[in-house]
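Participant: In the working numbering, the protein residues as written are 200 to 820.
Structure below; questions to follow.
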Amino acid sequence: MYVIGTAGHVDHGKSTLVKALTNIDPDRLKEEKEREMTIDLGFAWLTLPSGREVSIVDVPGHERFIKNMLAGVGGVDLALLIVAADESVMPQTREHLAILDILQIRQGIVVITKTDTVDEELVELVKAEVEDFLEGTSFQGCPMVGVSAYTGDGLDELKSVLDQVLDNTESRRDLGRPRLPVDRSFTISGFGTVVTGTLIDGALTVGQEVELANSGRHARIRGLQSHQSKVDQAQPGVRLAVNLSGLSRNEVPRGEVLTSAGWLRRTNRLDARVKMVKGAPHSLRHNEGVTFHLFTSETTARVRLLDADRLAAGEDGWVQILLTDSLPMVKGDFFVIRSSEDTLGGGQVVDPNPRRRHRRFVAEVVDRLMTLDQGSGEDVLLSVAEQWGPCDASVLSQRSNLPVSEVLERIEALESQGDVVVLGELGTDSDAVVYSTQGWSAMTGKLFQALRAYHDQYPLRRGAPSQEIRSRLGLSQPIFLRAQARLTNQEYLVEEGTHLRLPDHQVAMTPEMEEKVSAYIKALEQDPYSPPSDRPLDSELLGVLAEEGKVVRVNDSVVFAASAYQEMTDRITEHLKSNGSITVAEARTMFDTSRKYILPLLEYLDQQHVTRRVGDERVLR
200 MYVIGTAGHV
210 DHGKSTLVKA
220 LTNIDPDRLK
230 EEKEREMTID
240 LGFAWLTLPS
250 GREVSIVDVP
260 GHERFIKNML
270 AGVGGVDLAL
280 LIVAADESVM
290 PQTREHLAIL
300 DILQIRQGIV
310 VITKTDTVDE
320 ELVELVKAEV
330 EDFLEGTSFQ
340 GCPMVGVSAY
350 TGDGLDELKS
360 VLDQVLDNTE
370 SRRDLGRPRL
380 PVDRSFTISG
390 FGTVVTGTLI
400 DGALTVGQEV
410 ELANSGRHAR
420 IRGLQSHQSK
430 VDQAQPGVRL
440 AVNLSGLSRN
450 EVPRGEVLTS
460 AGWLRRTNRL
470 DARVKMVKGA
480 PHSLRHNEGV
490 TFHLFTSETT
500 ARVRLLDADR
510 LAAGEDGWVQ
520 ILLTDSLPMV
530 KGDFFVIRSS
540 EDTLGGGQVV
550 DPNPRRRHRR
560 FVAEVVDRLM
570 TLDQGSGEDV
580 LLSVAEQWGP
590 CDASVLSQRS
600 NLPVSEVLER
610 IEALESQGDV
620 VVLGELGTDS
630 DAVVYSTQGW
640 SAMTGKLFQA
650 LRAYHDQYPL
660 RRGAPSQEIR
670 SRLGLSQPIF
680 LRAQARLTNQ
690 EYLVEEGTHL
700 RLPDHQVAMT
710 PEMEEKVSAY
720 IKALEQDPYS
730 PPSDRPLDSE
740 LLGVLAEEGK
750 VVRVNDSVVF
760 AASAYQEMTD
770 RITEHLKSNG
780 SITVAEARTM
790 FDTSRKYILP
800 LLEYLDQQHV
810 TRRVGDERVL
820 R
């Protein structure tokens, strides 16, 4: 399916031609009929001689309604540039062609209308003028057909030429990530909210849950129609009406983008290469304010020139554009920038969400943008991974403008070359991610540095808590666990329960420490049931003894030698098996000790699920 758009000066017969071709009047507004002038977008469809069905978007020609023209022309595959035989090339002819050039709509047909109002010699003269006008543009050498919408002359030839041109026009790619920029929304009694637009990049299906990229609202597709026929599924490149449940028409304005949930991100900053139109009324200055048009959306913006102080008419340069309102977009989307009255230029999104505001006149910045713009698929994916890693398949797809299937193939090639590190099964595991080799080295370097610092600060601890290290690295739990598993398997890390250590880290005491520890344990064993609390040991040393199983710390002030703790636990357990319960007083008498020691012991046994308190007694769990 293809979408055809009209373009041309006001009153050159665009809507009249569409009606003559399709028997559908694209002027639907009362004001349009009263003024005999297209104000907003109109829509129709046509079956060509080949049997191919095409959609037609009719755009307004008046300069005051250029923003409406831009809302309709963004998704077309072929443009009909309309030039009236009685006027030839006019101002909006020039501006519309400049916009088609910016949007890189390469397929076109020039239609000379109103041929019945002038003689044949003038028609030929106008054709010659148009040929000169098209020289150096994307429409240079395109077919040219003269027609009269009133007599019907040339209409059959135009349909045949449309078929011929479309035979050489590529169909829209299915990237598996549908987008429908909304150009109209309305309510139908008994059905609810309906939105229309041109579907790109993926398919939509009845019953599918969809997301509004700007508002984040979710809805379900109740029905789909194309050319007033119901369909269960719609493919990219079709004009589509979508019946949504759970939303009012006011919640889905023009400029909203309907998409599958969870992947399309909004941005208020983008990198691009801008080309000024040849007829731009003035140069574009650094940090100049403009109106930014993307598909059916528009917002104000500022253009930061990265490699020039100004861009004159016909020049191009690298820019970073700062949007007033965030918009959803992907790499490769085309946009137009305008002043209050004139089209200045436009370009293609190279990076839809750069991490930072670039410094100007920096060669590395321009080199990276050139890689994103002109590099191979692998080059682009590697650049994305370097900037945004760790990133999943959907982020790689959005920022490279490659389908997920191609992303997976190219990432596999990059991994085999040693350029990236993949954690998990990309495309299968929802939390699988890709690092560039450089990014992976940087992250693991920080991890090893953090562990080394921890070992230096706490030489007597077996390792650092893994969650503390994860927090220092700023990684999500799934990514950290995958990284930890990889490094452990490669023997760069050692797991000690919930702790991590470097392989060369060993707990080693100095002779002075050994002497302190020996004296401390001897003191505990001299009075095992009432261990002294007036001989405190450094907390780090005490921690080592606890980890080695030489002591048991039942609370902050009571520590038993491990042998004494085991004996007391065994005797209490045997008593409970024989008698069913034990009180604090009974336990105190059993070991000839004080409440100061026996109560913390019993509470600790409760915590270890050896015993359970019932009133003033303990029983076995």
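Virtual Cβ for every residue (Gly too), placed ideally from N, Cα, C.
Only a predicted model underlies this, so the values are computations on that prediction, with no experimental measurement involved.
(1) From the DSSP secondary-structure annotation, give me the bridge partner or partners of residue 254.
(2) Jot down the residue ranges of each uninterrupted beta strand (DSSP E) in the segment 508 to 586, minimum 3 residues, whole runs only, in chain order.
(3) Could you compute how far the alpha carbon of residue 767 sits from the alpha carbon of residue 790?
(4) Any idea what DSSP makes of residue 500, helix, strand or coil?
(5) Check whether the Cβ of residue 496 sits closer than 7 Å to any heavy atom of the ligand SAH, and report yes or no.
(6) Extract the residue ranges of the beta strand (DSSP E) inside the segment 577 to 631, only unbroken runs of 3 or more that lie entirely within it.
(7) So what does DSSP say about residue 751, is it helix, strand or coil?
(8) On the DSSP letters alone, give me the boundaries of the beta strand (DSSP E) that residue 289 sits inside.
(9) For residue 634, which residues from the same chain have a beta carbon less than 6 Å from its beta carbon, with the 5 sequence-adjacent residues on both sides left out?
(10) With the cut-off set at 8 Å, would you say residue 527 and residue 413 are in Cβ contact?
(11) Considering Cα atoms alone, identify which of 502, 275 and 246 is closest to residue 257.
(12) Would a C-beta distance cut-off of 8 Å place residue 685 and residue 693 closer than the cut-off?
(13) Assign residue 290 to buried or exposed, taking buried as 16 or more other Cβ atoms, counted over all protein chains shown, within 10 Å of its Cβ.
(14) Exposed or buried, which one is residue 673 when buried takes at least 16 other CB atoms within 10 Å?
(15) Whole angstroms are fine: how far does the CA of residue 212 sit from the CA of residue 309?
(16) Could you check whether the segment 393 to 408 touches the segment 373 to 380, counting it as contact only if at least three pairs of C-beta atoms, one from each stretch, sit closer than 8 Å?
(17) If you draw a straight line from the alpha carbon of residue 802 to that of residue 707, how long is it in whole angstroms?
(18) Can you look up residue 778 in the DSSP assignment and give me helix, strand or coil?
(19) Residues bridged to residue 790 by DSSP?
(20) Residue 445 and residue 418 look like a contact to me (Cβ under 8 Å); what is the Cβ gap, rounded to whole Å?
(21) Spatial neighbours of residue 677 within its chain, please: C-beta separation below 7 Å, excluding the five flanking residues on both sides.
(22) Applying the criterion that 16 or more other CB atoms from any shown protein chain within 10 Å of the CB defines a buried residue, is residue 653 buried or exposed?
(23) To which residues of the same chain is residue 488 closer than 6 Å at the C-beta, ignoring the five residues directly before and after it?
(24) By Cβ distance, which residues of its chain are closer than 6 Å to residue 406, with the 5 residues on each side in sequence left out?
(25) Counting only the same chain and skipping the five closest in sequence on each side, list residues whose C-beta sits under 8 Å from that of residue 229.
(26) On a Cα-Cα basis, can you pick out the residue from 682, 329 and 278 that is closest to residue 253?
Facilitator: Put simply:
(1) 202 and 244
(2) 515 to 527, 533 to 537 and 542 to 550
(3) 8 Å
(4) strand
(5) Absence of the ligand SAH is noted for the structure shown, with no ligands found whatsoever.
(6) 619 to 622
(7) strand
(8) From DSSP, residue 289 is part of no beta strand (DSSP E); its letter is neither H nor E.
(9) 588, 589 and 620
(10) yes
(11) 275
(12) no
(13) exposed
(14) exposed
(15) 13 Å
(16) yes
(17) 33 Å
(18) helix
(19) Bridge partners of residue 790: none, in fact.
(20) 5 Å
(21) 630
(22) buried
(23) 501
(24) none
(25) Unreliable placement is indicated for residue 229, whose pLDDT of 43 sits below 50; no coordinate value is reported for it.
(26) 278
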